[in-house]
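Chains as they are written, first to last, in the working numbering: chain X, 5 to 390; chain W, 126 to 232. Note that the Cβ used here is the ideal one computed from N, Cα and C, for glycine as well.
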């Protein structure tokens with residue numbers, strides 16, 4: 005913690021607890037998390053150990069598409085809202101401590117590896133803005149020729165992002181006095197999302213406007229675009245895509261990438277080294293999130309509307325569906341406990357977060373939440389590329 | 126006056142929504158939920174836009190409801206707008222078009 009202990013104690017003493025929520029004198033944040041309540045623009049503060057909601061933060065604006073990252077000390081959350089709002093939330097006082105409407109329309113963000121910079125990916129006007137993580141002061145404004153997607157943190161105070169309209173892929177280096185922006189190359193037509201592997205080695209970009217996935221080797225000094233899965237993606241013969249898949253959950257497991265097909269009810273498996281397809285798994289619907297259960301061979305998948313009341317579990321060794329769960333209506337997101345023991349699942353239309361034991365796959369508990377979508381545990385603070 | 130009493134609700138309803146496509150109230154509530162939540166994924170919960178274009182009443186002031194209904198039903202090829210025909214009837218698509226055009230702006 006950066007703040008001296010005395011100052012922190014004083015702050016906590018003068019802060020009055022919101023009615024109905026217990027506020028003990030000392031709180032650790034390592035097992036806390038925030039759940040986005042998309043319709044009300046609020047965040048539910050949850051305690052993983054207690055499997056309970058312990059507070060609510062309000063006034064976050066339009067959270068119809070929202071995500072967040074955490075400061076390295078797991079005290080502050082940076083929330084990226086649809087309406088261009090960037091909010092800094094204090095997990096201890098459960099208050100918005102800084103907020104700026106930094107664009108007309110934004111899609112996501114990332115925090116630098118040293119925790120000093122917060123970058124936001126914007127649709128309108130298109131581009132990336134970089135802020136001081138303490139004050140939310142604007143440090144850099146990098147316009148783009150369209151909507152920016154797939155913004156990720158790259159080690160060394162860097163960020164990578166991609167432009168939906170042009171296919172351009174950029175690497176921004178913010179370690180020096182002035183930002184150094186490099187055009188890495190072109191991913192292809194209408195890249196819809198991108199993700200960085202957990203070892204920060206490969207930046208993978210999914211295409212919507214043509215077939216294929218494009219990879220950049222970020223360990224290379226001069227990375228070149230490598231296109232693979234050239235029959236991957238959507239064509240007019242394919243099924244309608246009622247929700248864009250998210251690549252942040254692309255699972256990296258058993259030496260493979262597990263990718264959501266676009267316009268097919270399938271998961272595609274690709275060898276991490278050769279980038280060759282190794283198999284396909286038929287699933288319940290259009291996959292949205294495919295997330296690896298930590299420390300296990302399993303991946304969990306949810307689906308686009310109207311088939312979004314199901315979650316499936318797949319064994320990455322056999323690539324077979326080993327479990328089909330129906331946790332509730334409109335399942336939007338899944339978040340694992342950092343060591344994989346539990347998965348928290350949001351059911352928007354049942355207004356609940358459902359907690360499952362990953363070994364028995366039995367439900368352990370439920371928490372009431374108002375139209376919950378994304379679930380974010382503070383342990384994300386220590387993961388690259390989130 | 127049993128006859129008048131029976132007529133009144135119909136008159137009131139007709140007065141409220143004279144030109145709207147006929148969709149039962151329960152289905153209309155489900156459609157409104159779908160517009161806000163599922164359309165909102167791309168167009169924003171407040172319809173101010175996202176990956177998809179803004180769909181506020183202001184943005185649609187010159188749009189023909191029948192054309193909007195067709196776009197909803199058949200999508201726009203070459204874009205991320207999917208065809209919703211598998212999930213909606215033509216009346217329901219028209220109801221959504223009229224709903225969007227008449228929606229009060231969000232604060």
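Chain X within 8 Å of residue i, Cβ atoms only
i             : result
residue 212/W : yes
residue 171/W : yes
residue 227/W : no
residue 163/W : yes
residue 200/W : yes
residue 234/W : Beyond the ends of chain W as shown, which are 126 and 232, falls residue 234/W; an answer cannot be given.
residue 193/W : no
residue 205/W : yes
residue 208/W : yes
residue 177/W : no
Beta-carbon spacing of residue i, residue j below 8 Å
i             : j             : result
residue 40/X  : residue 342/X : no
residue 130/X : residue 151/X : yes
residue 224/X : residue 206/X : no
residue 335/X : residue 271/X : no
residue 52/X  : residue 38/X  : no
residue 199/X : residue 389/X : yes
residue 301/X : residue 320/X : yes
residue 183/X : residue 146/X : yes
residue 219/X : residue 158/X : no
residue 351/X : residue 379/X : no
residue 362/X : residue 303/X : no
residue 268/X : residue 243/X : yes
residue 98/X  : residue 89/X  : no
residue 149/X : residue 167/X : yes
residue 278/X : residue 178/X : no
residue 291/X : residue 305/X : yes
residue 173/X : residue 371/X : no
residue 62/X  : residue 75/X  : no
residue 323/X : residue 283/X : yes
residue 182/W : residue 228/W : yes
Integer-rounded CB distance, given that residue j should sit under 8 Å from residue i
i             : j             : result
residue 174/W : residue 109/X : 6 Å
residue 122/X : residue 113/X : 6 Å
residue 211/X : residue 185/X : Between residue 185/X and residue 211/X the Cβ distance is about 23 Å, and since that is not below 8 Å, they are no contact.
residue 340/X : residue 295/X : 7 Å
residue 308/X : residue 245/X : 7 Å
residue 156/X : residue 143/X : About 18 Å separates the two Cβ atoms, so there is no contact after all.
residue 314/X : residue 288/X : 5 Å
residue 373/X : residue 356/X : 6 Å
Reduced DSSP category for residue i - H, G, I as helix; E, B as strand; rest coil
i             : result
residue 122/X : strand
residue 288/X : coil
residue 267/X : coil
residue 280/X : coil
residue 220/W : helix
residue 227/W : helix
residue 201/W : coil
residue 385/X : helix
residue 160/W : helix
residue 118/W : No answer is possible for residue 118/W: the residues shown for chain W start at 126 and end at 232.
residue 128/W : Note that residue 128/W scores 48 on pLDDT, short of 50, meaning its location in the model is unreliable; the coordinates nonetheless yield the value given after this. Correct three-state label for residue 128/W: helix.
residue 166/W : helix
residue 127/X : strand
residue 192/W : helix
residue 114/X : strand
residue 258/X : coil
residue 103/X : strand
residue 172/X : strand
residue 62/X  : coil
residue 154/W : helix
Any chain W beta carbon closer than 8 Å to residue i
i             : result
residue 359/X : no
residue 331/X : no
residue 128/X : yes
residue 124/X : no
residue 46/X  : no
residue 14/X  : Only weak support is given to the placement of residue 14/X: the predicted model assigns it a pLDDT of 49, under 50, and the value that follows is read from those uncertain coordinates. So no, residue 14/X is outside the interface.
residue 261/X : no
residue 69/X  : yes
residue 284/X : no
residue 169/X : no
residue 381/X : no
residue 43/X  : yes
residue 109/X : yes
residue 245/X : yes
residue 66/X  : yes
Residue i CB to nearest heavy atom of the ligand ZN below 7 Å
i             : result
residue 385/X : With respect to small molecules bound, the structure shown includes none, and the ligand ZN cannot be examined in it.
Practice problem: Please determine if the region 64-72 of chain X and the region 163-182 of chain W are in contact, where contact requires at least 3 C-beta pairs separated by less than 8 Å. | Solution: The count of Cβ pairs closer than 8 Å, one atom from the region 64-72 of chain X and one from the region 163-182 of chain W, reaches three, so the stretches are in contact.
Quiz item: When the Cβ atoms of the region 72-83 of chain X are set against those of the region 94-101 of chain X, are three or more pairs found closer than 8 Å?
Solution: With the cut-off at 8 Å, the region 72-83 of chain X and the region 94-101 of chain X touch.
Quiz item: Any chance the region 227-235 of chain X sits against the region 149-161 of chain W, with 3 or more Cβ pairs inside 8 Å?
Solution: They do not touch, by the three-pair rule.
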